[in-house]
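Okay, structure first, notes after.
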């Protein structure tokens, strides 16, 4: 996606405008001709310690006819690594695979996941969590973004050291680039990464918060001022390179406190600045590396000529996108998950449907930086046993989960003691007295968690 930015333009904004037009043209072309959309539909049906998983896969065009295409043989072989081929079938042009799993989920779509089930006499708790594709090594992702920022700074430092003749001005610019701008770009990049991780909550709302935080950050560091918003909007809407250059010139002079003079006049001259940056960037190892990569991806024709060249100014745009690009969400590859858990989860990032008693997720998995994550935790009370013991269902949801985790954390001897404690009780017993009286011989505080959970639940039930 980034390579089209490197096409030569007449000036910084002309290059930007050309890239923008090219991108919009590509989008329009894909819409009109019908881009291929891959869909992975996963149906999950928990059954005790195992879960039935049905994967339906198909490719369709985004055009009006929604033409569905069968999967190629290579993809079929991939999916059959995880499912018994005797169970897969073809429904129209949609391939269906099914199997039963315990613990670890198959890496069919790409990623990692698990289903875990815990039992206790009062009910059970189940956990489902699955990452679909993406990169979950956040340190590596942060490092790559910071490397992109470092390349931007290296290019600008090389330009400043060769272009600015006045020593004091050049030194102040170098300090600003090497310290302030480097740190600020890395911080803004971190904001964008955080936004990408939270965008599944409410993308529009999170986007507004990101914009507000980034704006406040820039205002506090005197890159922009709130009073200048009208002027900024006018400049950005104009796409006039001279207006952008004038804004850059004024901002640098104000922020660094440098007297206006000939040494920084280049910042206000769009054409001169563009030519200077191009000439400077071509001298760097960064440019030579990117050019070699570009030429490898775009080999010359039979006569040795290349129809495209890499624009040095495109490096800045490309590295800026690498540092800040949030989740793509293009929707060209989609995962749809439906989990029939039978009871509303006490924790999930999915959408609960009361009618079908299921949780669903629907998300794009095009993005290679932030993984899509689906998770749900739910508890199923043992209604019959709780009514026998307490006269009603007193523990459910998250409180039941806390009890189940506590119970499963007991060793075999401790569980036997606790089960024996419950063996002869009835709803008419004085539960508070019985709970206060019980202790594990070798761990006097071990029963405190269960004692508190049951006491609070029974008290709440009586008041209701």
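Residue numbers (UniProt numbering): 1 to 464. Using N, Cα and C, we set each Cβ at its ideal position, and we do this for glycine too. Since the structure is predicted, the reported quantities are computational estimates derived from the model, not experimental observations.
Work out the CA separation of residue j and residue i for me, nearest whole Å.
| i | j | result |
| --- | --- | --- |
| residue 319 | residue 150 | 9 Å |
| residue 224 | residue 127 | 47 Å |
| residue 213 | residue 392 | 50 Å |
| residue 48 | residue 236 | 58 Å |
| residue 122 | residue 45 | 22 Å |
| residue 173 | residue 71 | 56 Å |
| residue 140 | residue 38 | 28 Å |
| residue 459 | residue 447 | 18 Å |
| residue 182 | residue 36 | 40 Å |
| residue 40 | residue 359 | 16 Å |
| residue 154 | residue 189 | 17 Å |
| residue 99 | residue 87 | 8 Å |
| residue 438 | residue 118 | 24 Å |
| residue 226 | residue 457 | 53 Å |
| residue 152 | residue 276 | 16 Å |
| residue 60 | residue 94 | 10 Å |
| residue 388 | residue 195 | 49 Å |
| residue 217 | residue 267 | 24 Å |
| residue 129 | residue 120 | 21 Å |
Which word fits residue i, buried or exposed, when buried means at least 16 other C-beta atoms lie within 10 angstroms of its C-beta?
| i | result |
| --- | --- |
| residue 374 | buried |
| residue 351 | exposed |
| residue 386 | buried |
| residue 321 | exposed |
| residue 109 | buried |
| residue 383 | exposed |
| residue 290 | buried |
| residue 348 | buried |
| residue 125 | buried |
| residue 405 | exposed |
| residue 324 | buried |
| residue 441 | exposed |
| residue 92 | exposed |
| residue 211 | exposed |
| residue 333 | buried |
| residue 219 | exposed |
| residue 422 | exposed |
| residue 254 | exposed |
| residue 314 | buried |
| residue 282 | exposed |
| residue 311 | buried |
| residue 143 | exposed |
Helix, strand or coil: how does DSSP classify residue i here?
| i | result |
| --- | --- |
| residue 236 | helix |
| residue 283 | coil |
| residue 357 | coil |
| residue 88 | coil |
| residue 385 | helix |
| residue 332 | coil |
| residue 246 | helix |
| residue 393 | coil |
| residue 221 | coil |
| residue 314 | helix |
| residue 46 | strand |
| residue 375 | strand |
| residue 275 | helix |
| residue 103 | strand |
| residue 295 | helix |
| residue 81 | coil |
| residue 97 | strand |
| residue 29 | Model confidence at residue 29 stands at a pLDDT of 40, short of 50, so the residue's coordinates are unreliable; what they give is reported in the following sentence. Helix at residue 29. |
| residue 206 | helix |
| residue 253 | helix |
Looking only at its own chain, which residues have a Cβ that is under 7 Å from the Cβ of residue i, when we skip the five neighbours before and after it?
| i | result |
| --- | --- |
| residue 263 | 164, 165, 166, 169 |
| residue 221 | 184 |
| residue 160 | 170, 173, 174, 177 |
| residue 247 | 235 |
Using C-beta distances below 6 Å, list every residue in its chain close to residue i, excluding the 5 sequence neighbours before and after it, in chain order.
| i | result |
| --- | --- |
| residue 398 | 346 |
| residue 131 | 111, 112, 371, 373 |
| residue 116 | 127 |
| residue 251 | none |
| residue 451 | 435 |
| residue 106 | 82 |
| residue 97 | 55, 79, 83, 88 |
| residue 357 | 342 |
| residue 104 | 114 |
Less than 8 Å between C-beta atoms, sequence neighbours within five positions excluded: which residues of the same chain meet that for residue i?
| i | result |
| --- | --- |
| residue 453 | 395, 399, 402, 403, 406 |
| residue 229 | none |
| residue 285 | none |
Next item on the list: Could you tell me which uninterrupted alpha helix (DSSP H) segments, each at least 4 residues in length, are contained entirely in the region 397-462, listed from first to last along the chain?
Entry: 397-408, 412-422, 431-437
Margin query: Restricting to runs no shorter than 4 residues, where is the alpha helix (DSSP H) found entirely within the region 105-190?
Written below: 138-163, 167-175
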